[in-house]
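K.L.:
Residue numbers for the sequence shown, in our numbering: 904 to 1133.
Glycine included, C-beta positions come from ideal geometry on N, C-alpha and C.
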Amino acid sequence: MVQYKDGNIFLKIVYYGMAGSGKTTILETLYDLTKDGKREIIPVSDLQKIDRRSGATLYFDRGIFQSTKKRKVYYRVYTVAGQKAFSSLRTKVFNKLDAETDAVIFVVDSQINFFEDNIEFLLELKNITKGRLIKEIPFIVMLNKIDLKEIIDHEDFIQILKQEKLWYEPQHELNRWNPLIYKTCALIDQEKDIFRSFYEIARRTGLYHIYGDGKAPVDKKISDTSILTI
Ligand SMILES: Nc1nc2c(ncn2[C@@H]2O[C@H](COP(=O)(O)OP(=O)(O)O)[C@@H](O)[C@H]2O)c(=O)[nH]1
Ligand SMILES: [Mg+2]
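Now the structure itself:
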């Protein structure tokens, strides 16, 4: 839930997805891409990472970013631990830490072998969000690891979203809020669309807040702007 504190605005954005899909790497790359202050957000502190020795996220990672255009706007960005056994921890990260989550980026491990595991996590996310994805919680998808071979096709993932009722047909008023699907690579030396996808979720979060009072705005006239810049 958008929070106001000492004249500042705090938004919470969560990267959600199966273990090993690349969430922690994405957050690290976002940090590296923005730390020079030349983009629309800048990290305000080091990333907080709670890892196991294996490198897997034990609990969550968190980074705090600030809009460089509107200094009062802060983004609290979380990743969840993706191990199947940690479902209740994910619910806690999602609903409790700092605030309720304002927006979700679903991170898919695009390797075909993991197709079913990704779907399992999508179902879990649907369960946690209780019908609020898209309608109240802006939602986009990253098909990550597109640098690898044998990967899920963009169209196949759209079919999954349709099947799970996370996709609106063109005549529906929520159609414009269908999740954009980014094909990404999180590895810093081959990075693709890591900032762009973050920017889009931040933009949508701002629009839902400003024009929709916490819901997907359906007024056709809203300007194509972002809380990052207004
Ligand atoms: N080839 C490739 N490997 C990636 C990519 N993103 C992450 N990885 C690797 O996948 C593994 C798991 O990544 P991690 O960020 O820990 O996943 P998490 O469990 O979702 O946080 C690590 O070895 C990463 O280097 C990517 O876009 N391409
Ligand atoms: Mg992780």
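When burial is assigned at 16 or more other CB atoms within 10 Å of the CB, is ILE1133 buried or exposed?
P.N.:
Note that ILE1133 scores 47 on pLDDT, short of 50, meaning its location in the model is unreliable; the coordinates nonetheless yield the value given after this. Burial call: exposed.
K.L.:
Is ALA988 helix, strand or coil by DSSP?
P.N.:
It is helical.
K.L.:
For the alpha helix (DSSP H) containing ILE929, name the first residue and the last one.
P.N.:
Residues 926–937.
K.L.:
Compare the Cα-Cα distances from LYS975 to each of LEU1000, SER991, LYS995 and VAL947 and report the closest residue.
P.N.:
Here the closest residue by C-alpha is VAL947.
K.L.:
Mind pulling the beta strand (DSSP E) runs of 3 or more residues that sit fully within the segment 1043–1124?
P.N.:
Whole beta strand (DSSP E) segments, 3+ residues: 1084–1087.
K.L.:
Mind checking who SER970 pairs with in its DSSP beta bridge?
P.N.:
Its beta-bridge partners are ILE944.
K.L.:
Excluding the 5 residues preceding and the 5 following LEU1028 in the sequence, name in chain order all residues of the same chain whose CB lies nearer than 8 Å to its CB.
P.N.:
Counting only Cβ-Cβ distances below 8 Å, and skipping sequence neighbours, we find TYR919, VAL1007, PHE1009 and LEU1036.
K.L.:
Does the Cβ-Cβ distance between TYR981 and PHE963 come in under 9 Å?
P.N.:
A contact, by the Cβ cut-off of 9 Å.
K.L.:
Drop a sphere of 10 angstroms on the beta-carbon of LYS935, count the other beta-carbons inside from all chains shown, and report buried for 16 or more, exposed for fewer.
P.N.:
The residue asked about is misnamed: residue 935 is Asp in this sequence, not Lys. With fewer than 16 Cβ atoms within 10 Å of its Cβ, ASP935 is classed as exposed.
K.L.:
In the DSSP assignment, what residue or residues form a beta bridge with LEU914?
P.N.:
Partner(s): TYR978.
K.L.:
Identify whether VAL905 lies in helix, strand or coil by the three-state DSSP scheme.
P.N.:
VAL905 falls in the coil class under three-state DSSP.
K.L.:
Tell me which residues share the same chain as GLY910 and place their Cβ nearer than 8 Å to its Cβ, disregarding the 5 neighbours each side in the sequence.
P.N.:
Only LYS975 meet the Cβ criterion.
K.L.:
If I measure Cβ to Cβ from ILE1022 and keep anything under 7 Å in the same chain, skipping five residues before and after, which residues do I get?
P.N.:
Excluding sequence neighbours, ILE1022 sits near ILE1063.
K.L.:
Do the CB positions of ILE953 and PHE968 come within less than 9 Å of each other?
P.N.:
No, they are not a contact pair.
K.L.:
Is the closest heavy atom of ligand 1 to the C-beta of GLY920 under 8 Å?
P.N.:
GLY920: yes, Cβ under 8 Å from ligand 1.
K.L.:
What is the DSSP secondary structure of ARG965, reduced to helix, strand or coil?
P.N.:
Reduced to three states, the DSSP call for ARG965 is strand.
K.L.:
What does DSSP give as the partner residue(s) for PHE1009 in the beta ladder?
P.N.:
Answer is TYR919 and VAL1044.
K.L.:
LYS999 and LEU1046 look like a contact to me (Cβ under 8 Å); what is the Cβ gap, rounded to whole Å?
P.N.:
No, LYS999 and LEU1046 are not in contact; Cβ-Cβ is about 29 Å, not under 8 Å.
K.L.:
Less than 8 Å between the CB of LYS926 and some heavy atom of ligand 1, yes or no?
P.N.:
Result yes, Cβ under 8 Å from ligand 1.
K.L.:
Count the other CB atoms within 10 Å of the CB of LYS987; is the residue buried (16 or more) or exposed (fewer)?
P.N.:
It is exposed - the Cβ of LYS987 has fewer than 16 other Cβ atoms within 10 Å.
K.L.:
Considering only residues of the same chain and omitting the five flanking positions on each side of PHE1042, which have a CB-CB separation below 6 Å?
P.N.:
Excluding residues within five positions, the ones whose Cβ falls inside 6 Å are VAL1007, LEU1036 and PRO1082.
K.L.:
Compute the Euclidean distance between the alpha carbons of GLY1117 and ASP1005, then round it to the nearest angstrom.
P.N.:
Taking the straight line from one Cα to the other gives about 9 Å.
K.L.:
Among PHE1024, VAL1011, PHE1018 and ILE1015, which has the Cα closest to the Cα of SER990?
P.N.:
The candidate whose alpha carbon is nearest that of SER990 is PHE1024.
K.L.:
Secondary structure at LEU1028, three-state DSSP: helix, strand or coil?
P.N.:
Here LEU1028 sits in helix by DSSP.
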